[in-house]
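Asker: Using the working numbering, the letters of the sequence shown map in sequence onto residues 578 to 957.
For glycine and all other residues, C-beta sits at the position ideal for the given N, C-alpha and C.
The structure under discussion is supplied below as structure tokens; questions concerning it will follow.
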Amino acid sequence: MCLHYIRGNPIGKLHFNPFLIISILWMIFCLLEIINPMSSFSNWITTVRNIGIHIVLFQLLVFLNLDNLDKLRLFFGLWGTLIVLGALKAIGQKYIGFDRFESAWLYTYGAHTHVIYSGIRYFSFFTDAANFGCHMGLGIVVFTILSFYEKVANRRIFYIAVAIIAFYGLMISGTRAAIAVPFVGFAFFIILVKEWKWIMVGVGLLALAFSFFNLTTIGNSNGDIRRMRTAFSFSQDASFNVRLENQKKMRSFMSDHPFGIGLGASKHANEGDLIHGIATDSSFVFIWVETGIVGLVIYVLLCLTILGFGTYYVLVVLKDNRIKSIVAASTAGLAGIMVAGYANEVLHQMPTGQTVYILMGIIMLSPVIDKKLAHDHSTV
Numbered sequence: 578m579c580l581h582y583i584r585g586n587p588i589g590k591l592h593f594n595p596f597l598i599i600s601i602l603w604m605i606f607c608l609l610e611i612i613n614p615m616s617s618f619s620n621w622i623t624t625v626r627n628i629g630i631h632i633v634l635f636q637l638l639v640f641l642n643l644d645n646l647d648k649l650r651l652f653f654g655l656w657g658t659l660i661v662l663g664a665l666k667a668i669g670q671k672y673i674g675f676d677r678f679e680s681a682w683l684y685t686y687g688a689h690t691h692v693i694y695s696g697i698r699y700f701s702f703f704t705d706a707a708n709f710g711c712h713m714g715l716g717i718v719v720f721t722i723l724s725f726y727e728k729v730a731n732r733r734i735f736y737i738a739v740a741i742i743a744f745y746g747l748m749i750s751g752t753r754a755a756i757a758v759p760f761v762g763f764a765f766f767i768i769l770v771k772e773w774k775w776i777m778v779g780v781g782l783l784a785l786a787f788s789f790f791n792l793t794t795i796g797n798s799n800g801d802i803r804r805m806r807t808a809f810s811f812s813q814d815a816s817f818n819v820r821l822e823n824q825k826k827m828r829s830f831m832s833d834h835p836f837g838i839g840l841g842a843s844k845h846a847n848e849g850d851l852i853h854g855i856a857t858d859s860s861f862v863f864i865w866v867e868t869g870i871v872g873l874v875i876y877v878l879l880c881l882t883i884l885g886f887g888t889y890y891v892l893v894v895l896k897d898n899r900i901k902s903i904v905a906a907s908t909a910g911l912a913g914i915m916v917a918g919y920a921n922e923v924l925h926q927m928p929t930g931q932t933v934y935i936l937m938g939i940i941m942l943s944p945v946i947d948k949k950l951a952h953d954h955s956t957v
């Protein structure tokens, strides 16, 4: 960016807003976790970037780099391409096989979560199958909604193709929590739109999908469909009940630690530590354990604030349908991925967490771009 600016090319401006201020407060809170007596510098430094610093950094990068509609479309084109590559890599793992490095990880460290009774959970070039599957779910929501409003045929075809390929990627990831992303995302989108045609179509499709998975046994011969269907009977799911039991164990000692046990402590627990042998298995539980109830309240407030701003901008502030569709897609996608974040630790994993932060920045920058479009200052 410095070289870009030195060469005489313009960059955007920093736009301070209430959500950025809350994000900065959250970052400061995470930085101060270094003085948590239960934490260590090595644990703190490995976690503070994804949890606290990136949420501010990526918003600032959005303000400086994605300040008009052309650049936003370039971003969604790049992200869509990466989603397709991610899905194709997982398809290659399924039908061609794993390379020796992937096999070494899969059959050692990842064996207990990725080699299961119903088959292998494919993870592409992501950290794990949950991260991959939830990211595909986020892509389904965002690019499907973008395709609804896109008037240029080539872009619409691209968006539809990304959504379809991402859906297959979600299926073969074997991540049941990822199914919540499109269900919640599209339900949230129905709330955002004021057009009856989309409301009727959305309600119909959601009802049809829910009925297919919850009320029928169609496709049970396919292992991917069969595993997705189990997401609708989670109370009978062994892994879900284990997570509830783990959370019960955590409550026994978390009341004594309002500021948590320190960043990085849950992932680097030694024998004898409070959290040793107990998996957090959830972004929100992870935040609660490492930053305490104080940190969890701030983080939940942060999540609700961005959804509130996105909803307000779509329903009241934004006038140009092009930027409104982008904000509607981003807000609906964030709603879906946040719900999935309760069941899996995906909100802070690379690259899903960074993509979430970029979408947050796009939402908060949208009124500025909307005014540019109204005054025809955009390069579009």
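Between T882, K948, G910 and V933, which has its C-alpha nearest F596's C-alpha?
Answerer: Per the Cα distances, T882.
Asker: How many angstroms separate the CA atom of A681 from the CA atom of T704?
Answerer: Approximately 14 Å between the Cα atoms of the pair.
Asker: So, using beta-carbon positions, are T929 and N708 closer together than 8 Å?
Answerer: Yes, the Cβ-Cβ distance between T929 and N708 is below 8 Å.
Asker: Quick check: the region 866-878 against the region 665-677, are there 3 or more CB pairs under 8 Å?
Answerer: At 8 Å Cβ cutoff, the stretches do not touch.
Asker: If you draw a straight line from the C-alpha of F763 to the C-alpha of V718, how long is it?
Answerer: Taking the straight line joining both Cα atoms gives about 7 Å.
Asker: Can you tell me whether V625 is buried or exposed? The criterion is at least 16 other CB atoms within 10 Å of its CB, across all chains shown.
Answerer: The residue is buried, with at least 16 neighbouring Cβ atoms inside 10 Å.
Asker: Can you check whether the CB of A706 is closer than 8 Å to the CB of G751?
Answerer: Taking 8 Å as the Cβ cut-off, G751 and A706 qualify as a contacting pair.
Asker: Are at least three pairs of beta-carbons, each pair with one atom in the region 854-869 and one in the region 833-843, less than 8 Å apart?
Answerer: Touching, yes.
Asker: Identify whether I697 lies in helix, strand or coil by the three-state DSSP scheme.
Answerer: Reduced to three states, the DSSP call for I697 is strand.
Asker: How far does the alpha helix (DSSP H) with V761 in it reach, from first residue to last?
Answerer: Note, V761: alpha helix (DSSP H), A757 to L769.
Asker: Taking 7 Å as the limit between beta carbons, can you name the residues of its chain near K896, skipping five residues before and five after?
Answerer: Closer than 7 Å at Cβ, skipping near neighbours: D947 and A951.
Asker: Between which two residues does the alpha helix (DSSP H) containing L655 stretch?
Answerer: Where L655 is concerned, the enclosing alpha helix (DSSP H) stretches over L646 to Y672.
Asker: Would you kindly check if the distance between the Cβ of G589 and the Cβ of F640 is under 8 Å?
Answerer: Yes, these two residues count as a Cβ contact at 8 Å.
Asker: I need the DSSP call for V692, collapsed to helix, strand or coil.
Answerer: Looking at V692 - three-state DSSP - the assignment turns out to be strand.
Asker: Is the region 909-925 touching the region 753-772, taking contact as three or more C-beta pairs under 8 Å?
Answerer: Contact between the region 909-925 and the region 753-772 is present, because at least three Cβ pairs lie under 8 Å.
Asker: Exposed or buried, S832, counting other C-beta atoms within 10 Å across all chains shown (16 or more means buried)?
Answerer: Counting Cβ neighbours within 10 Å, S832 comes out exposed, since fewer than 16 surround it.
Asker: When we look at the beta-carbon of R698 and count the other beta-carbons within 10 Å, is it buried (16 or more) or exposed?
Answerer: Answer is buried; the Cβ neighbour count reaches 16.
Asker: Pick helix, strand or coil for K520, following the three-state DSSP scheme.
Answerer: Examination of residue 520 is not possible in this model, given that the chain is present from 578 through 957 alone.
Asker: Please confirm whether G663 and F720 have their CB atoms less than 8 Å apart.
Answerer: In this structure, F720 does not lie closer than 8 Å to G663 by Cβ.
Asker: Is the Cβ of V661 closer than 8 Å to any Cβ of chain D?
Answerer: Note that chain D does not occur in the displayed structure, where there is just one protein chain.
Asker: Helix, strand or coil for G839 per DSSP?
Answerer: Residue state, collapsed to three classes: coil.
Asker: For Y726, which residues of its own chain have a beta-carbon under 7 Å away from its beta-carbon, when the five flanking residues on both sides are left out?
Answerer: If we look at Y726 and ignore the five residues flanking it on each side, its Cβ neighbours are N898 and S902.
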